[in-house]
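Peer 1: In my numbering, the protein residues as written are 87 to 214.
The beta carbon of each residue, even a glycine, is placed where N, CA and C say it ideally should be.
From a predicted model like this one, the values you see are computed outputs, not experimental measurements.
My questions all concern the structure below.
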């Protein structure tokens with residue numbers, strides 16, 4: 087079980103994804119404010135943050151950079167409408183960038199892979 091928060095302008099979609107996470111036995115929340123998400127992630131309240139890279143306001147590459155600075159232990163999944171933005175995933179070390187509209191099935195798969203990778207990194211650090 088993981089603690090996940092979704093921050094997106096499309097609150098209906100965010101709530102649907104959160105419901106899918108809860109059905110899969112994860113703790114899930116939504117937020118409309120990226121700064122609140124970052125503060126809570128930095129405080130260790132979440133294992134994974136998913137947010138719209140194309141949100142209005144604080145989003146995109148700048149939000150990714152700040153998230154990596156304040157909560158480097160937290161996995162990040164982004165959502166975007168434009169395929170060109172998928173390059174952000176490799177350049178910014180995101181766990182995934184998913185195309186909109188986000189399918190719950192694909193989202194749950196991306197969450198599982200991100201958490202699996204996160205656990206492997208933690209184990210590697212502990213054994214070093």
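Please report the residue range of the beta strand (DSSP E) in which residue 193 lies.
Peer 2: It is not in any beta strand (DSSP E) - residue 193 instead sits in the alpha helix (DSSP H) that spans 190 to 213.
Peer 1: Between the stretch 151 to 165 and the stretch 126 to 142, are three or more C-beta pairs nearer than 8 Å?
Peer 2: Yes: the two stretches touch, three or more of their Cβ pairs being nearer than 8 Å.
Peer 1: Assign residue 122 to one of two classes, buried (16 or more other C-beta atoms within 10 Å of its C-beta) or exposed (fewer than that).
Peer 2: It is exposed - the Cβ of residue 122 has fewer than 16 other Cβ atoms within 10 Å.
Peer 1: Between which two residues does the alpha helix (DSSP H) containing residue 106 stretch?
Peer 2: Where residue 106 is concerned, the enclosing alpha helix (DSSP H) stretches over 97 to 109.
Peer 1: Note down the Cα distance separating residue 193 from residue 103, rounded to an integer number of angstroms.
Peer 2: So the alpha carbons of these two residues sit roughly 8 Å apart.
Peer 1: Tell me the rounded alpha-carbon separation between residue 110 and residue 143.
Peer 2: Rounded to the nearest angstrom, the two C-alpha atoms are 31 Å apart.
Peer 1: If you draw a straight line from the alpha carbon of residue 209 to that of residue 112, how long is it in whole angstroms?
Peer 2: Going by the C-alpha atoms only, they are around 21 Å apart.
Peer 1: What does residue 147 pair with, by DSSP beta-bridge criteria?
Peer 2: Its beta-bridge partners do not exist; DSSP assigns none.
Peer 1: Could you give the distance in angstroms between the alpha-carbon of residue 191 and the alpha-carbon of residue 184?
Peer 2: Rounded to whole angstroms, residue 191 to residue 184 spans 11 Å at the Cα level.
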